[in-house]
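Student: Using our numbering, you'd call the opening residue of the sequence shown number -12 and step up by one each time. The beta-carbon is built from N, C-alpha and C at its ideal position, and this holds for glycine as well.
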Amino acid sequence: PGPVIAATDLPAYLLAGGERDQPELLLPDDGIDLEAYLERIRAEMMRQALERAGGVQTQAAEVLGMTFRSFRYYAKKAGLTGASES
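Printed below as a string of structure tokens:
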């Protein structure tokens, strides 16, 4: 058998049960346009999902846990064009 991995060998985020890539979210002192911020995040995640899915919207929607109809709506709203449906 290979080497034994002990709890002390694991990164702290695994021991704490936290997320590795969870961003630190701090509200700016002067506030934020939350809707615009969330739209930018959605558009970027959708762009990445489309890239991963080779431009196929149905697969990209699946990656994001969205229905195809929702994905298509938000893709159009974000200007993500040129992708195929299937």
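Using a Cβ distance threshold of 8 Å, determine whether the segment -11 to 0 contacts the segment 33 to 42, with at least three qualifying pairs required.
Tutor: no
Student: P10: which of A48, I28, G52 sits nearest, CA to CA?
Tutor: Residue mapping note: residue 10 aligns to position 23 of the sequence shown, counting from 1. Minimum Cα distance to P10 is reached at I28.
Student: Taking DSSP as the reference, what is the three-state secondary structure of V(-9)?
Tutor: Working through the sequence shown from its first residue, we reach residue -9 at position 4. Three-state DSSP puts V(-9) in coil, outside helix and strand.
Student: Is L13 buried or exposed, if buried means 16 or more other CB atoms sit within 10 Å of its CB?
Tutor: Counting from 1 along the sequence shown, the entry for residue 13 is found at position 26. Exposed: under 16 other Cβ atoms inside 10 Å.
Student: Looking only at its chain, what residues have a beta carbon closer than 6 Å to the beta carbon of A47, apart from the 5 residues adjacent to it on each side?
Tutor: As a first step, residue 47 is located in the sequence shown; it is residue number 60 there, counting from the start. Excluding residues within five positions, the ones whose Cβ falls inside 6 Å are A36, L37, A40.
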